[in-house]
C-alpha cells in the first residue's frame, strides 16, 4: 500500500509539472502542433527516478494533461470535450514517449548516460513525428522538410535535459559534501568531549588509588583496636573503592578499543582545528547575537598531536564566553586570537561580557566552582570545565593559563602552550 501511494505521488508530481511546463511552447501553424518545454523536464525526472515505470507514468501524464488542457481550453474551443479532442494528439505523444523510453532505456541492462541521451533523443523525435502525422497527415511533399525540424528539436531538448542532469548532479555532490562535513564535524566534537571525559576519569584513577591506600592503611592501624566495627568499615571502604577503580578501568579499556585515546586521524594543523571549533559555534553565536571573530597571527603551520584535547580546551573557553554574554541578555563579541613567541603558541579568548567578580577570578579553576545552574531543577553544574582546561594545558601541553577580568568589562583568558609539547607524539 505504501509503495502504491509513493508511486501515485511521484506520477502526480511529474504529471502536474508536465501539464504546467507544456504551456511554455513554440507554436507552429500546423493544426495545433507545438514544441513545449515539458519534454526537457520529463526525461530528467525519469533519470533521477530510475524505478519509475515510464509506461504507467506516461498514461498518468497523458490523462492528467488531457483534463488540464481541456479545462484551460474551454474559452478557446467552446467546451471541455472540444478542448480535449483538440489536444488528443498530445496524449498520443505522451504515451508514445513513455513506451519508447521503456524499451530504449528502462529495460536496458546497461543504463549509461550516453544510452539515456540516445533514448530521449529517439523518443522525442519519434513521438513528435507520431503527433504531427495525427495532426496534418503523412509527411509527403513539402511537409517532409518538417523532419529536419523535429530532429533539431529532439537534439536541442536532449542537450538541455543533459545539461540539467549535470547541474543537478553537481548540486547533489555539493550537498553531500556539506552533509558529510557536518556529520564529520559533529562526530569529531563528540570525540573531543569523550576524550576530555576520559582524561578526567584517568586523573580520578590516581585519587581513587590514593583513597583506597589510605583506607587500607587505616584498616592496618585499627588492627589492634578494640572496636572491630571501625576496622571492618575501613576494610569495606577499601574494597568498595577497589571495585570503583575496576569499573573505571573497564570503561576506559572499552573506550580505548574504539581508538578515542589513541589520537584518531593523526596530527592536525592548529588552523584546521580552530576552523572546526569556530564553525561548530557559528550558528549558536549568530542566534545569540554574538559576533565571533578569529585573529590568526601565527607565522607557521603548527600541528597538534593531542588534537582532541586541544579542541576541548578551545571549545570550553569559547563556550564559557558565549554563555556569559547570553546570560547577560545583551549583544556581544568574542575574539579568538592566536599568536606565538619563540617557545609558546598563545591562545587568547576575549569577550565583552559581564566579567567576573574579583573573588571568583581566584576560584574559577577550582574543581566544583560554577556560577551556572539549571533553572528548571535548580541543580548547579559540576564546574569541571575550566578545571579540566587548566589541567590539560599544564599537564599535556606543558603550558599555563591565567584570567584577566573586571566586573562589567568583559573577560580575557590567555593560555600559553608549549610548541614542542603540542607536536610531541
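Numbering (the numbering used here), first residue to last: 148 to 572. Glycine included, each C-beta is placed from N, C-alpha and C at the ideal position.
C-alpha distance - residue i paired with residue j, whole-angstrom precision
{"i": "residue 438", "j": "residue 565", "result": "29 Å"}
{"i": "residue 253", "j": "residue 308", "result": "17 Å"}
{"i": "residue 176", "j": "residue 313", "result": "Any reading at residue 176 needs caution, since the residue's pLDDT is 48, under 50, leaving its predicted position unreliable; the model's value is listed next. The alpha-carbon atoms of residue 176 and residue 313 are separated by roughly 34 Å."}
{"i": "residue 305", "j": "residue 223", "result": "32 Å"}
{"i": "residue 498", "j": "residue 388", "result": "43 Å"}
{"i": "residue 510", "j": "residue 493", "result": "22 Å"}
{"i": "residue 259", "j": "residue 540", "result": "57 Å"}
{"i": "residue 293", "j": "residue 263", "result": "25 Å"}
{"i": "residue 245", "j": "residue 434", "result": "50 Å"}
{"i": "residue 163", "j": "residue 242", "result": "16 Å"}
{"i": "residue 321", "j": "residue 311", "result": "15 Å"}
{"i": "residue 280", "j": "residue 237", "result": "12 Å"}
{"i": "residue 317", "j": "residue 192", "result": "16 Å"}
{"i": "residue 189", "j": "residue 431", "result": "42 Å"}
{"i": "residue 239", "j": "residue 247", "result": "12 Å"}
{"i": "residue 476", "j": "residue 460", "result": "25 Å"}
{"i": "residue 436", "j": "residue 418", "result": "25 Å"}
{"i": "residue 440", "j": "residue 214", "result": "59 Å"}
{"i": "residue 185", "j": "residue 532", "result": "60 Å"}
{"i": "residue 195", "j": "residue 315", "result": "10 Å"}
{"i": "residue 508", "j": "residue 391", "result": "34 Å"}
{"i": "residue 219", "j": "residue 206", "result": "20 Å"}
{"i": "residue 421", "j": "residue 567", "result": "19 Å"}
{"i": "residue 506", "j": "residue 369", "result": "42 Å"}
{"i": "residue 319", "j": "residue 187", "result": "19 Å"}
{"i": "residue 474", "j": "residue 384", "result": "42 Å"}
Buried versus exposed, by CB contacts within 10 Å (16 or more), residue i
{"i": "residue 544", "result": "buried"}
{"i": "residue 231", "result": "buried"}
{"i": "residue 537", "result": "buried"}
{"i": "residue 158", "result": "buried"}
{"i": "residue 398", "result": "exposed"}
{"i": "residue 374", "result": "exposed"}
{"i": "residue 501", "result": "buried"}
{"i": "residue 367", "result": "exposed"}
{"i": "residue 554", "result": "exposed"}
{"i": "residue 457", "result": "buried"}
{"i": "residue 227", "result": "exposed"}
{"i": "residue 548", "result": "buried"}
{"i": "residue 143", "result": "The structure shown does not extend to residue 143, since the chain is modelled only from 148 through 572, so no value can be given for it."}
{"i": "residue 204", "result": "buried"}
{"i": "residue 152", "result": "exposed"}
{"i": "residue 278", "result": "buried"}
{"i": "residue 521", "result": "At residue 521, the pLDDT of 46 sits below 50, so the modelled position is not reliable; the number obtained from the coordinates is stated separately. Label assigned to residue 521: exposed."}
{"i": "residue 569", "result": "buried"}
{"i": "residue 288", "result": "exposed"}
{"i": "residue 155", "result": "exposed"}
{"i": "residue 360", "result": "exposed"}
{"i": "residue 556", "result": "exposed"}
Run of the beta strand (DSSP E) containing residue i, from where it starts to where it stops
{"i": "residue 219", "result": "Careful: residue 219 lies outside any beta strand (DSSP E), inside the alpha helix (DSSP H) at 201-219."}
{"i": "residue 418", "result": "No beta strand (DSSP E) holds residue 418; the alpha helix (DSSP H) holding it covers 417-434."}
{"i": "residue 550", "result": "547-552"}
{"i": "residue 440", "result": "437-443"}
{"i": "residue 286", "result": "Neither: residue 286 is in no beta strand (DSSP E) and is coded neither H nor E."}
{"i": "residue 507", "result": "Run containing residue 507: none in the beta strand (DSSP E); it sits in the alpha helix (DSSP H), 505-508."}
{"i": "residue 487", "result": "479-487"}
Assumed close pair residue i, residue j - CB separation to whole angstroms, cut-off 8 Å
{"i": "residue 160", "j": "residue 208", "result": "The pair is not a contact, with the Cβ atoms about 11 Å apart (cut-off 8 Å)."}
{"i": "residue 484", "j": "residue 428", "result": "15 Å between Cβ atoms; not a contact."}
{"i": "residue 602", "j": "residue 268", "result": "Outside the shown range of the chain (148 to 572) lies residue 602, about which nothing can therefore be said."}
{"i": "residue 251", "j": "residue 233", "result": "Rounded, the Cβ-Cβ distance is 29 Å, inconsistent with contact."}
{"i": "residue 165", "j": "residue 212", "result": "6 Å"}
{"i": "residue 496", "j": "residue 464", "result": "4 Å"}
{"i": "residue 489", "j": "residue 571", "result": "No, residue 489 and residue 571 are not in contact; Cβ-Cβ is about 17 Å, not under 8 Å."}
{"i": "residue 426", "j": "residue 448", "result": "That pair is no contact at about 19 Å."}
{"i": "residue 574", "j": "residue 290", "result": "Beyond the ends of the chain as shown, which are 148 and 572, falls residue 574; an answer cannot be given."}
Where the alpha helix (DSSP H) containing residue i begins and where it ends
{"i": "residue 474", "result": "454-474"}
{"i": "residue 186", "result": "185-195"}
{"i": "residue 497", "result": "Careful: residue 497 lies outside any alpha helix (DSSP H), inside the beta strand (DSSP E) at 491-498."}
{"i": "residue 414", "result": "No alpha helix (DSSP H) holds residue 414; DSSP gives it neither H nor E."}
{"i": "residue 559", "result": "Residue 559 -> not in any alpha helix (DSSP H); beta strand (DSSP E) instead, spanning 558-565."}
{"i": "residue 447", "result": "That residue, residue 447, is in no alpha helix (DSSP H); it is neither H nor E in DSSP."}
{"i": "residue 236", "result": "235-248"}
{"i": "residue 542", "result": "532-542"}
Within 9 Å, strictly: CB atoms of residue i and residue j
{"i": "residue 395", "j": "residue 355", "result": "yes"}
{"i": "residue 534", "j": "residue 513", "result": "yes"}
{"i": "residue 450", "j": "residue 414", "result": "yes"}
{"i": "residue 503", "j": "residue 552", "result": "yes"}
{"i": "residue 363", "j": "residue 381", "result": "yes"}
{"i": "residue 198", "j": "residue 183", "result": "no"}
{"i": "residue 563", "j": "residue 491", "result": "yes"}
{"i": "residue 249", "j": "residue 201", "result": "yes"}
{"i": "residue 550", "j": "residue 558", "result": "yes"}
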